[in-house]
Amino acid sequence: MGTLSEVKAHLNELVVGREREIDFMLIALIQEGHVLLESVPGSGKTWMAKAFAGSFQGVFRRLQFTPDVLPSDVTGIRFFNPKTQDFELRPGAVLTNLLLADEINRATPRTQSSLLEAMEEKQATIDGETVQLPNPFIVIATQNPVESQQGTFPLPAAQLDRFLFRLEIGYPNMTEEMAIIRNFRDNVSHKKEIRPVASIEEVKGWSAAAKNVTVHEDIEKYIVALVRATREHPMIELGLSSRAALALVHAAQGKAFIDGRAFVTPDDVKYIFEPVAVHRILLNPEGMLIHEPAAVLRELVNTIASPVEAV
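Basically the working numbering = 1-based index in the sequence shown + 5.
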């Protein structure tokens, strides 16, 4: 149906000023990862996720998380149908290609944990029976940080680790905000149609091609050096795991692929490092008083010599 560049162009028409976030969401889709979007209310997280999902042929579901959402709403349930005198499956939200988990931190820990198996294993257990999820399957979750103390449940470390990226969406710049206002004033946003630009089969083809992107041994050593530096930093209590190292490799391959290259560069690693790592580290009390996690990660990137710099 369409090329990767056509998908990006379509999304950039629909969503003003979010080129970076769209790149990361495309990388996640290609590498079958999950994305956590975090920003204040009204910043367009849900619209961006809906526009992204609608740009691909496939099944899209949205689940608005609240404290009364049950695990069975997420995974599904088998119920007895008196008409057929048999048990039938009522599919849950995870039986889809793309799940928008809106305000995920409003769900109870029990409901949040029902997503864990689906996000990691690409399967769901429904009344003791294992059901394989569609391919691809990714979760785009949103949360509002300003509500972290108002009837919400912070995501546990085990679930945060399942997200390939955590993207903190800031405010648009002045030019972008003017464009948003003018689009609304001129009713432009309603004229721009969300439509499928690429098929699921094309996405699968991109995923297969991205796996063949070359990662040189020097790049692998650079990634390992960054990971180990997080474990040795005096301000970091919990550093990156081996799973995080694999996530860095996959994300860097995805970045190279969407840029049209067959090999990973040090700049690819630098580009994806913060969104991959920021939700996977924990600062110690002293570090939390002085720094934000993102600032510590940027310091590491500036400190650790990349392969090109080491020559």
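For every residue, glycine included, the Cβ atom is placed at its ideal position computed from N, Cα and C.
Item	Value
Gln137 burial status per 10 Å Cβ neighbour count (16 or more: buried)	exposed
Pro96: first and last residue of the uninterrupted beta strand (DSSP E) it sits in	Asp91 to Pro96
In DSSP terms, what Leu75 is bridged to	Note: Leu75 sits in no beta bridge, so no partner.
DSSP state of Glu43 mapped onto helix, strand, coil	strand
Cβ-Cβ distance between Val79 and Ser119 below 9 Å	yes
Straight-line gap, Pro114 to Phe158 (C-alpha atoms, nearest Å)	7 Å
Cβ neighbour criterion (16 or more within 10 Å) applied to Asn289	exposed
Beta-carbon spacing of Asn224, Val269 below 9 Å	Checking the sequence, you will find Ile at residue 224 rather than Asn. Yes, the Cβ-Cβ distance between Ile224 and Val269 is below 9 Å.
Residue of Arg95, Thr8 and Leu121 minimising C-alpha distance to Ser77	Arg95
Beta-carbon proximity list for Asp273, same chain, < 7 Å, skipping 5 on both sides	Ala257, Lys260 and Ala261
For Gln69: DSSP bridge partner residues	Asp107
Asn110 CB to nearest heavy atom of the ligand PLP below 8 Å	Annotation note on the ligand PLP: not contained in the displayed structure, which lists no ligands.
Expected contact under 8 Å - CB spacing of Thr51 and Ile109 to nearest Å	12 Å between Cβ atoms; not a contact.
6 Å CB neighbourhood of Trp211 in its chain, flanking five on each side removed	Ile35
At least three beta-carbon pairs within less than 8 Å, the stretch 53-70 to the stretch 85-93	no
From Ser246, Ser10, Gln117 and Pro141, residue whose alpha carbon lies closest to that of Gln62	Pro141
Whole-angstrom distance between His255 and Ala215, CA atom to CA atom	9 Å
C-beta contact flag for Leu68 and Asp107 at 9 Å	yes
Ser246 versus Val232 - alpha carbon distance	7 Å
As assigned by DSSP and simplified to three states, the class of Val172	As written in the sequence, residue 172 is Leu, which differs from the Val given in the question. Note: Leu172 maps to strand in three-state DSSP.
Secondary structure of Arg83, DSSP reduced to three states	strand
Nearest to Arg236 (by Cα), restricted to the options Phe168, Pro161 and Leu302	Leu302
Phe142, DSSP secondary structure in three states	coil
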